[in-house]
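Input: a single structure, listed below in structure tokens.
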Amino acid sequence: MAARVHDTAVIARSAFFFGGAVLICGCFALKNRVHGLAGAAFLSFLYTLTGAGAVIGQLREGDFHLAAASTRYLLALFAVSLVYLLIAVRAFRKARHERLLRELHAED
């Protein structure tokens, strides 16, 4: 039981760290949009990797129990960061495509 409480505390601290850092990048994006959003996407990518590593580790050790609060919390944070990352990548690709089209039409 004590290990589960410790796991939840570690996950909560990492979530506060990454969440706070993404929030700071989001505030920075109000002034400098591209760099702030890129920073937030990079931090989201790091947390997605961290969450995936934790889930894979739990699965490998046979310690993955969906009834445990720490596991549900980890999966929720992993899913949110993955969704944010996918939205950011899609937005970056769309913006790049639109920029390339504008450059192409400007040459005509």
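All the letters of the sequence shown, read from the start, carry residue numbers 994 to 1101 under this note's numbering.
Think of the CB as a built atom: it goes at the ideal place given N, C-alpha and C, for glycine as much as any other residue.
These figures come from a predicted structure and were not determined experimentally.
- Within 10 angstroms of the beta-carbon of F1010 lie fewer than 16 other beta-carbons, which makes it exposed.
- For Y1077, the closest of L1042, V1027 and F1038 by C-alpha to C-alpha distance is F1038.
- Taking the Cα positions, K1024 is about 41 Å away from L1059.
- Per DSSP, reduced to three states, the secondary structure at A1099 is helical.
- Residues of the same chain with a CB within less than 6 Å of the CB of A1081, apart from the 5 flanking positions on each side, are A1034 in chain order.
- Here the alpha carbon of L1030 sits roughly 13 Å from the alpha carbon of L1079.
- The closest CA to that of L1042, considering only V1073, L1094, F1085 and V1027, is found on V1073.
- Contact annotation: A1014 and L1036 have beta-carbon atoms nearer than 8 Å.
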